[in-house]
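Notes follow once the structure below has been shown.
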Amino acid sequence: MATRKKAAKPATEKLASLTPAGRKESFFELVFEVARQIPKGRVTSYGAIAACLGARSSSRMVGWAMNGADKVKPKIPAHRVVNRNGMLSGKHHFATPTRMKELLEKEGIKVKKDTVVNFRELFWDPSEELI
DNA sequence: CGCCTGACGAAAC
DNA sequence: GGTTTCGCCAGGC
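Under the numbering used here, the first residue of the first sequence is numbered 409, with each subsequent residue one higher.
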């Protein structure tokens, strides 16, 4: 994602389109649904969700969808979604950069250097367990 | 209407 | 084996 960009993000923080006013069921909703099913104390990756939805290559969209996670009614546990590395790549999008880590630790998940410890063991695959 | 960005991922170098 | 690029899709400007 580097190089191709030239300056910091200008805006794109609106996302008001996802408001409950008249949003339609889209890829985003599917992501939200799956994200809500993530058991407490477990984590998953953007790619896993995307793959579960049949959009393996659209993992980016999953992260994008998470942008609206905060404004959806049932709060989406976006903190349980990390990248394939187990790294808290989205922590910067929370109220505070440490919020995500704190939420995870509160659920019993250890975070070391912005990375979920035992990520592989805590990994929750929607394709297998969600069915 | 076209270009850029973006919380990822896998391939290419 | 670390770093860089492309791909994918959707939304903002």
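Just so you know, even glycine gets a beta-carbon here, dropped at the ideal spot from N, CA and C.
- Under the DSSP assignment, Val-442 falls in the alpha helix (DSSP H) whose first and last residues are 435 to 444.
- For the pair Ala-503 and Ala-443, the CB atoms are not nearer than the 8 Å cut-off.
- One thing to note: Lys-521 has its Cβ no nearer than 8 Å to the Cβ of Met-508.
- In this model, Ser-497 and Leu-461 are separated by some 21 Å (Cα to Cα).
- Counting the other Cβ atoms within 10 Å of the Cβ of Ser-453 gives 16 or more, which makes it buried.
- With contacts defined by Cβ atoms closer than 8 Å, Ala-473 and Val-524 do not form a contacting pair.
- Taking all protein chains in view, the Cβ of Ser-535 is surrounded by fewer than 16 other Cβ atoms within 10 Å, so the residue is classified as exposed.
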